[in-house]
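Same order as they appear, the protein sequences are chains L and U.
Just so you know, the UniProt record's numbering puts 299 at position 299 of the first sequence, and the rest follows in order with no gaps.
Just so you know, the UniProt record's numbering puts 130 at position 130 of the second sequence, and the rest follows in order with no gaps.
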Amino acid sequence: MTTPSILSNAGPGGRVTEPSGPGSGGVRRTGRRPRPGRRRALAIFLTPSLLLFLLLVLAPIVVASYASLYKWNGFGLPENFIGLDNYTRAFADPVFRGDLWHGLVLIVLSLVVQLPVAMGLAMLLNQPLRGRAIYRVIFFAPYVLSEVTTAVLFNLVFSPNRGFGDAISRFLGADAGAVFADPDTVLYAVFLVVSWKYFGLYMILFLAARQNIPKELNEAAVTDGASAWQAFRLVTLPLLGPTIRISVFLSVIGTIQLFDMVWVLTGGGPIHASETMAVTMFQYGFRRFEVGYASAISIIMFLLSLVFALIYQRIVLRRDTEGALTVQGDQR
Amino acid sequence: MTSPANPAQRARRLLLHLISIAVGALIVVPVWFGVIGGFKDNGQLSTNPLGLPDPWAPDNYLDIVTAGVFWRNVGNSVFIAVASTFVVVAAAAMAAYVFARFAFRGREFLVTIFAIGLMFPFAVAILPLFILLRGMGLLDNPLGVILPQAAFGLPITIIILRQFFRTIPGEVEEAATLDGCGPFGFFWRVLLPMARPALATVSVLALVSSWNNFMLPLVVFTDQSWWTLPLGVQAFQGQYSDDTAKVLAYVVLSMIPALGFYAIAERQLIGGLSGSVKG
């Protein structure tokens, strides 16, 4: 959820830019060498967060990179050094390749289905429509349910002979409970449930961005003879650019880490047809005790997220730190 | 609200309502199926999945709310969420204060390190985290969930709070200093009270993410007495896999706290989410 805020805050090199708001005066004023009392305060204030962070966030990543070079069952110390074999094994493994493919399919589906639908609904809720506050509350509600609750609910909705989803799919001529049992359809079914839960989040983001666009801009376009569609395409859409780019980013990073939903809905099956990287990692790490191999998968997930984030920040999000859009975004 | 008289606009408005109602139905109907399904027995579910129960059978719900397991799951979830939120907000507020209002060498480096932490979700770190927690003897201990959740919540919390702390004018701090406030006094007596809305926002985000966390409690708690609600729901589904109606009742009951919280804190939640992205 959170990544974008730093991305929009940080310049391309990952350096956080100085604020231009009223607070900057205070920061600059203290630019001198801190007095001893302040220095003590600084140490005391930073210690808890640094301790937590180093021990529980950074250390695990270091441990994982180290363990990924060993054949290790997770007990005792790793001794059987095998270099990069775990990594070559992963990329040769049809299951892991399948994971990569499923991730790609899910990402493409979110970009071409989920995000446009969310944006459309945000534009709809921006209209002066009676009851739109109620629609908004309902559309966003699934986001607050946990992935587990959502997954169990949909398991039951499609449970053979007892769920109405199952009744509907039988009515449409499919086999009972088929959507989650058929390797050809299971990934799409998972995608629909993921979208059910998450589209409200993107809708809210688009809605907030839309409401930040001054009314006068669209009115001026319409006065100049633009149709509603032209005003949307030529005025609104470009101004939603930063939010679109952030949503794409969230969607990709979220998909790379997808676990809870898949674990509860399908366990990755049938025959690995809906398995994701996180599920494969979990299977090897916590069920088969191949901790070295599972660590390698963790590191691959991490590197994929990181490389994607860096490239995306360089190429795409960089535009948001330049030009007119920045001025608007910087007002916060 | 403008009320257009012309029929074209009226038709357009009707269309928008129809779309909204259709989307709303996609969300409401599965939940509705759960709510009324919990009042049926399994025979009714297969013959009449969407209609009202006939007769109404409240036993599924009553069995769950009178047995202790559900409440213990709820209690664990509440305790762990509140404790995680307290730890993360306290630690992050202190760090954010330093990052927002102190100038020192290495500040931007530290901020960047925390920012990179946003790339480390549980799924990536869970396995080594598990090994570390096992080494520290924190398995089957609520701290084994609370502390990592707080640690992983730090980046976003620090970033939002830092942003907010920066908007408080330097003059306020100067005035406090003149009145004899040191850095601690300023932080505790001036900054935190002024930052109440921002603290509410980050607390709501932290509560929700703790409440919904599944992966970490799944590996930390083998002892059922510590299970949180998501673990309870999943286990209940496994235990009563033949009794769809009973599981529906459990799922519905487990949704109530989250939806109730949403009803109360909708503004903070939505504001926090859209605010954190806008940065």
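Glycine included, every Cβ here is placed at the ideal spot set by N, Cα and C.
Item                                                                                                                    : Value
Residue-chain proximity (residue 70 of chain U, chain L), Cβ-Cβ < 8 angstroms                                           : no
DSSP bridge partner residues for residue 81 of chain L (one or two, in chain order)                                     : L:70
Which listed residue (U:202, U:237 and U:244) has its alpha carbon closest to that of residue 271 of chain U            : U:202
Partners in chain L for residue 244 of chain U, counting only beta-carbon separations shorter than 8 angstroms          : 156, 159, 162 and 163
Same chain, Cβ closer than 7 angstroms to residue 17 of chain U, neighbours up to 5 away in sequence not counted        : none
Residue 194 of chain U: contacting residues in chain L (beta-carbon distance under 9 angstroms)                         : Simply none; closest approach about 12 angstroms.
Alpha helix (DSSP H) runs wholly inside the segment 30-96 of chain U, at least 4 long, in chain order                   : 42-47 and 59-66
Within chain L, partners of residue 20 of chain U - CB distance below 7 angstroms                                       : 124 and 135
C-beta neighbour in chain U for residue 287 of chain L, strict 8 angstroms                                              : no
Cβ neighbour criterion (16 or more within 10 Å) applied to residue 78 of chain L                                        : buried
Exposure label - residue 279 of chain L; buried when at least 16 CB within 10 Å                                         : buried
Rounded Cβ spacing between residue 106 of chain L and residue 199 of chain L (contact assumed at less than 8 angstroms) : At roughly 14 angstroms, the Cβ-Cβ gap does not stay under 8 angstroms, so residue 106 of chain L and residue 199 of chain L are not in contact.
Residue from L:197, L:186, L:132 and L:180 whose Cα sits closest to the Cα of residue 148 of chain L                    : L:197
Test item: CB-CB of residue 236 of chain L and residue 218 of chain L under 8 angstroms                                 : yes
Run of the alpha helix (DSSP H) containing residue 265 of chain L, from where it starts to where it stops               : 260-265
N-terminal and C-terminal residue of the alpha helix (DSSP H) that residue 155 of chain U is part of                    : 143-166
Cutoff 8 angstroms: residue 76 of chain L Cβ touching any chain U Cβ                                                    : no
Residue interval of the alpha helix (DSSP H) (run including residue 113 of chain U)                                     : 107-116
Option in L:270, L:46, L:100 and L:269 with minimal Cα separation from residue 104 of chain U                           : L:46
Spatially closest choice to residue 144 of chain U from U:32, U:216 and U:34, by CA coordinates                         : U:216
Element boundaries [alpha helix (DSSP H), containing residue 213 of chain L]                                            : Counting along the chain, residue 213 of chain L falls outside any alpha helix (DSSP H), and DSSP gives it neither H nor E.
C-alpha distance - residue 211 of chain L paired with residue 122 of chain L, whole-angstrom precision                  : 10 angstroms
Chain U contact for residue 360 of chain L (CB, 8 angstroms cutoff)                                                     : The shown model of chain L, from 1 to 332, leaves out residue 360 of chain L, and the question about it has no answer.
Residue 286 of chain L versus residue 96 of chain U - alpha carbon distance                                             : 36 angstroms
CB contact below 8 angstroms: residue 114 of chain L versus chain U                                                     : no
CB of residue 33 of chain U within 8 angstroms of CB of residue 49 of chain U, strictly                                 : yes
Anticipated Cβ contact below 8 angstroms, residue 234 of chain L with residue 221 of chain L, distance rounded          : 7 angstroms
Minimum Cβ-Cβ distance from residue 312 of chain L to chain U less than 8 angstroms                                     : no
Local conformation of residue 76 of chain L per DSSP, three classes                                                     : coil
C-beta neighbour in chain L for residue 182 of chain U, strict 8 angstroms                                              : yes
Residues from the segment 248-267 of chain L in contact with chain U, defined by Cβ distance under 7 angstroms          : 257, 259, 260 and 264
N-terminal and C-terminal residue of the alpha helix (DSSP H) that residue 213 of chain U is part of                    : No alpha helix (DSSP H) contains residue 213 of chain U, which DSSP labels as neither H nor E.
Under the three-state DSSP convention, the category residue 240 of chain U falls into                                   : coil
Under 8 angstroms between C-beta atoms of residue 252 of chain L and residue 117 of chain U                             : no
Neighbour-count burial assignment, residue 307 of chain L, 16 or more Cβ in a 10 Å radius                               : exposed
Residue-chain proximity (residue 119 of chain L, chain U), Cβ-Cβ < 8 angstroms                                          : no
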